[in-house]
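Residue numbers (full-length UniProt numbering), protein chains in the order written: chain A, 1 to 341; chain R, 1 to 341; chain S, 1 to 341; chain P, 1 to 341.
There are 4 protein chains.
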Amino acid sequence: MTKLRMGVIGAGLWGTNHAHTFNVLPETELVAVCDIDEGRAQKMKESSGAAFALTDYEALVSRDDIDAVSVATPDFTHTPIILAALKANKHVLSEKPLATTVREAEKIVEAAAASRGKLMIDFHNRVNPILAQVRTMVQSGEIGVPRHGMARLSNTTFVPFEMLSWAAKSSALWFLGSHLVDVLRFILNDEVVRVYAVTRDGVLKAGGVDTRDFHLCILEFAGGAVVTMENSWILSPDNPSLVDFKLELVGDKGQIQADPTHNGGLRRMVEGGLRYSDYIGMTPTGETRIGGFVLESIGRFVDAVVRDAPLLADAMDGLANTKVLAAIEASAASGKAVDIA
Amino acid sequence: MTKLRMGVIGAGLWGTNHAHTFNVLPETELVAVCDIDEGRAQKMKESSGAAFALTDYEALVSRDDIDAVSVATPDFTHTPIILAALKANKHVLSEKPLATTVREAEKIVEAAAASRGKLMIDFHNRVNPILAQVRTMVQSGEIGVPRHGMARLSNTTFVPFEMLSWAAKSSALWFLGSHLVDVLRFILNDEVVRVYAVTRDGVLKAGGVDTRDFHLCILEFAGGAVVTMENSWILSPDNPSLVDFKLELVGDKGQIQADPTHNGGLRRMVEGGLRYSDYIGMTPTGETRIGGFVLESIGRFVDAVVRDAPLLADAMDGLANTKVLAAIEASAASGKAVDIA
Amino acid sequence: MTKLRMGVIGAGLWGTNHAHTFNVLPETELVAVCDIDEGRAQKMKESSGAAFALTDYEALVSRDDIDAVSVATPDFTHTPIILAALKANKHVLSEKPLATTVREAEKIVEAAAASRGKLMIDFHNRVNPILAQVRTMVQSGEIGVPRHGMARLSNTTFVPFEMLSWAAKSSALWFLGSHLVDVLRFILNDEVVRVYAVTRDGVLKAGGVDTRDFHLCILEFAGGAVVTMENSWILSPDNPSLVDFKLELVGDKGQIQADPTHNGGLRRMVEGGLRYSDYIGMTPTGETRIGGFVLESIGRFVDAVVRDAPLLADAMDGLANTKVLAAIEASAASGKAVDIA
Amino acid sequence: MTKLRMGVIGAGLWGTNHAHTFNVLPETELVAVCDIDEGRAQKMKESSGAAFALTDYEALVSRDDIDAVSVATPDFTHTPIILAALKANKHVLSEKPLATTVREAEKIVEAAAASRGKLMIDFHNRVNPILAQVRTMVQSGEIGVPRHGMARLSNTTFVPFEMLSWAAKSSALWFLGSHLVDVLRFILNDEVVRVYAVTRDGVLKAGGVDTRDFHLCILEFAGGAVVTMENSWILSPDNPSLVDFKLELVGDKGQIQADPTHNGGLRRMVEGGLRYSDYIGMTPTGETRIGGFVLESIGRFVDAVVRDAPLLADAMDGLANTKVLAAIEASAASGKAVDIA
């Protein structure tokens, strides 16, 4: 079997997950890593065993010994990289969100249609085992017609203040809401047609991170379902987990509650209080397999390229997602509900 | 000590709680009960040991041997009874909501100001031990400035379909939202200034109860806090409790989560699945004391009349409450956010 | 009504609860307080408004203006005080455990039989609203015949290391196991006939408190039920509550789980991590009523004396309790199961 | 790469998991299936695509085109099959428990030592992502020295009454306790040296399944830790999951609580009450990968054979496990604690 030759762009936390996965999967070979910071690129080359380290993504996507690239750079930098890679007819796995403006996302959709490369967005919650089951239940009619719901995907202040260097260039809406809007579209198999949102700032700005504290909104879907959504970056650092992810749907025949992060399946009480550990995102496996939905999602991209399996999320999903997030921002700015064409 | 002579109007579930309380408290004496259905009135007279049973509230409030009355009739019938009682200078303990239109609530505010009787609204969640603590925490600054929150007070379909005979004349918004809006005003010690709401119908109508299935809304408070609120009557009957009450507030110094009904403090697994039993609403006591916050609230009315203690919730609270609920209905009807003067 | 004239012996945390209750209940009058530490006695006299402060319990129980006394001193000091009070024909409300040896408990049983005073043990969990419901469910046959169960009543190290000055003279078994054994006897309405126990020490001793870390045991009841019981004083201080109380019973028709302390009905995330607040032990009331099961239990003693209501727990309950705890210690020492006559 | 040629013995629920895994893993090829019931064997051959279906395990293990076998037959039938396979120098993956008597387990240990085949016991909870983390935490010293704990692995009556055809030939102790004892040995990296147990029967016998209802026991480990353990088959069928798995360890520096099955990460409320769905045992993956710890464990056997990775659990683990279970039965029969050599 000829292996898929991979390049990973972005040598941060997530790029490392991509590199690890391409090293483990039997169908792929990690060839090159790329980061604008040469030191980071070099360091990742060494830790991952990639053959090359580059600082210029253009140089990477033009190489003949690369079949496909992962884009794991900050949200707002995705577009030119993806466009360049698609133009070079490389397959692309992009971290979420696809892009941070509708215009950019539309360009990418066009470029994807014109390219011989496939484009997948790494909406890994589509293979989160809890949420994948919720989708199956909903799509099989187990809860009947979904009528209303509530969804939270929020972080403690640790994320904007300590984890993300580029928090001020993003927000809980783009960083977390992009996941949550996709999860809702995926589970309901439906599109958002109208949003109303309220936002506030102050806490993060006071802490030196110039972005919104949170967005609260109400999403109306074409099929009639109505869902409240919270994306906040100011949850207390005393939360038992740095992410609180909850989703609940009420249908006319039943109800489902998903709590991937605060369920207490694993509770740790050591110096520093009660903490809930993650046990589904990344899980231990033998050295020739990947474990956990975060890596499984990357594996699905390989399936799509190598075996022509369906893309987990394609460019149109990325565009629809961006449209909803942009509409939420527009609603929060205007104080009026916004319809999505 | 001369005992406060009480009349209870409305011989349903809640009127029975009032009657029991007035029988137990040392400061009160249950004199009369009243219901438009003579059979029910008579039956309650017998079970409660009241001296009289009447079918006409006008007759009750005009009696000289009555000092105070409880109004425990359906929501939409409160206004004329309260007005009559206040006009007769009786003290009045009214079940919530005070009234179902702003105009009615305003009339009651005027009548209360003109009467020698005191008027209290039985917003018993103000003495719910969980929520009372939340208020204390918030008002003491423990979580800093409240920034955002989420609140749910919803019922399974059991309530509109089987428990309430007059569900079609009310809705989850009026029946449950009245509690929740009051709890939020009480805890935040703040007023709602703007609301946006979405409502849907279909499930209850299909089941023969002609009212709304739910209201989802976003409440903005004068002090800046923003809260999503759900009031639904279509939760699955398979829920472990027929009521799901949750409240969470995120401040700039901390966070509080209250879950008075679904916390699993008492889980019962017998024929029919897993159920969570209530243990704070009504609790066992010796025969000369009342137990649980539902009865404590009634006791607070007696304190206010007998010892001039502060009213737990007064006519202005009832008016503010009604204004918010009416604004939610207006927003849901118009599709636009509504400001509250 | 002539008021019951009360003396409270022991001016610690719990004595304060007794004093407060006797000040609030309409049937009682707090006359005197007593503590071997004169400063504490005097301070409590001032805060409680009692007429007298004494340092000698003999002097207290011989006064003619005292009808009844509360014994709220450390566990191991109860016996002589109770005996003196009963000999003086005073009514006695004793904190738990009644006594710390079977011989002492037997003497008290004899003295109670010979006295004109009534003796109640303050096993307040009998009126814990969660556990009271569990008893009702079990005794009504709701779970059928109880077959097996598990019970935990344990504390974090905060209690032996920081809260209790006399921890070295007690243990989790006597301090907490006394409650739990009583709760099990009460709920099952049955007697323990055989115990096996294992104990260890080391953590508390290393921290300067010379007592056992925990006892784990298996209790067999006359009616056939078998229950594992844990009483530990070395839970992590990072627990969300300083007490972890859980009780579960499996019957042949159903199952009940009670979680009075770790249920998360009220979760507080402020400086210092996630904490679960108590909301059923003591709850807010108007100033003329008591609230919460901790005070209700004291009220039941007054009911028993003033209205001849049944004692919540009598001397025989105290004796049976002490027998079980002593047998657990004997089993842990011998490594063999111990039968209780 | 030459593929490992597999035979699966036992065409029940678990054998199907083995067959599926060997079909998916790139290193293995499912060659034959075997069941004493010819119809079942034939059916599994068809569904799995195996080349052969046999009814005689001796015939299977003597084939030259088979490198390794899975033993997924009922507990009490393992020994002769394993012995035959080892004698034929095949690699063996045995379902748990290894054997149901110490003597049998000892024979297997000898046979494994003499064979060129490797023997692994499928204690899949060693790769349960929650429990694997608990082991890592404990072995890294995160909770300090483990002092006491509690462990439950129990089923509702659904398992003995409806799921297992051979329940009367096993018990909750052998079926579930085998897992739990292994998990405790694995996490603590320590051996049980003394047990005391109580058992009862009645409920299952009344329902026509002639075995014990439950075993409750106290396990003492060589390193000093003491753990209560419950294995019951009579939990209420109204439980939200048919298995209740909980494990808690208290160390002198911290505490861990694991709740793999009742954590409510995914709650389903549809016809029939509230149910918690599994989301870690088996999880969705692309068609060339396995997902969930139940299958990962089978993958570890392949790793051990193909890459000489360490066995997840070997014959000595199986023997130690059987010794503890046998000692528990001996203690329950004698009423005395039993030391394990």
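Here a beta-carbon is modelled for each residue, glycine too, at the ideal position from N, C-alpha and C.
Under the three-state DSSP convention, the category residue i falls into
i, result
"SER171/S", "coil"
"VAL242/A", "First, the residue type needs correcting, since residue 242/A is Leu and not Val in the sequence shown. Three-state result, LEU242/A: coil."
"ALA320/R", "helix"
"GLY299/R", "helix"
"ARG116/A", "coil"
"GLY7/R", "strand"
"ILE121/R", "strand"
"ALA341/S", "coil"
"ALA309/P", "coil"
"ASN128/P", "coil"
"GLY335/A", "coil"
"LEU13/R", "helix"
"THR21/S", "helix"
Contact check, residue i vs residue j, beta carbons under 9 Å
i, j, result
"ALA337/P", "TYR57/S", "no"
"PHE214/P", "LEU153/P", "no"
"ASP317/R", "TRP174/R", "no"
"ILE290/P", "ARG194/P", "no"
"GLU95/A", "SER115/A", "no"
"ILE108/P", "ALA315/P", "yes"
"residue 343/A", "ILE66/A", "The structure shown does not extend to residue 343/A, since chain A spans only 1 to 341, so no value can be given for it."
"SER171/S", "TRP233/S", "yes"
"LYS118/R", "LEU311/R", "yes"
"VAL61/P", "GLY12/P", "no"
"ARG268/R", "MET137/S", "yes"
"ILE256/P", "VAL134/P", "yes"
"ALA72/S", "GLY15/S", "yes"
"MET120/P", "ARG300/P", "yes"
Close beta carbons around residue i, own chain, < 6 Å, minus the five adjacent residues each side
i, result
"ASN125/A", "LEU131, HIS179, VAL183"
"ALA53/A", "VAL33, ALA41, GLN42, LYS45"
"LEU216/A", "VAL198, GLU230"
"ASP259/P", "LYS246"
"GLY223/S", "ASP190"
"GLY149/R", "VAL227, GLU248, LEU249"
"VAL24/A", "ILE290"
"GLY49/A", "none"
Contacting residues, own chain, Cβ-Cβ under 7 Å from residue i (five flanking each side not counted)
i, result
"TRP166/R", "PRO74"
"ARG105/S", "Looking at the sequence itself, residue 105/S is Ala, so the reference to Arg does not match. Taken in chain order, the residues that qualify are LEU98, ALA99, GLY318, LEU319, THR322."
"MET282/A", "GLY291, GLY292, VAL294, LEU295"
Sheet register partners of residue i (DSSP bridge)
i, result
"ALA258/A", "LEU247/A, LEU266/P"
Other residues of its chain near residue i: CB distance less than 8 Å, five sequence neighbours each side excluded
i, result
"VAL102/S", "LEU319, THR322, LYS323, ALA326"
Secondary structure, alpha helix (DSSP H): runs of 4+ residues fully inside the UniProt domain "GFO/IDH/MocA-like oxidoreductase" (132–256) of chain S: 178–188, 203–206
My parser needs the alpha helix (DSSP H) runs of 4 or more residues fully inside the segment 27–103 of chain A; what are they? 38–48, 57–61, 78–87
Restricting to runs no shorter than 3 residues, where is the beta strand (DSSP E) found entirely within the segment 264–294 of chain R? 266–270, 273–276
Which residues, taken in chain order from the UniProt domain "GFO/IDH/MocA-like oxidoreductase" (132–256) of chain R, show a beta carbon closer than 7 Å to some beta carbon of chain C? In the displayed structure, chain C is absent; the protein chains listed are A, R, S and P.
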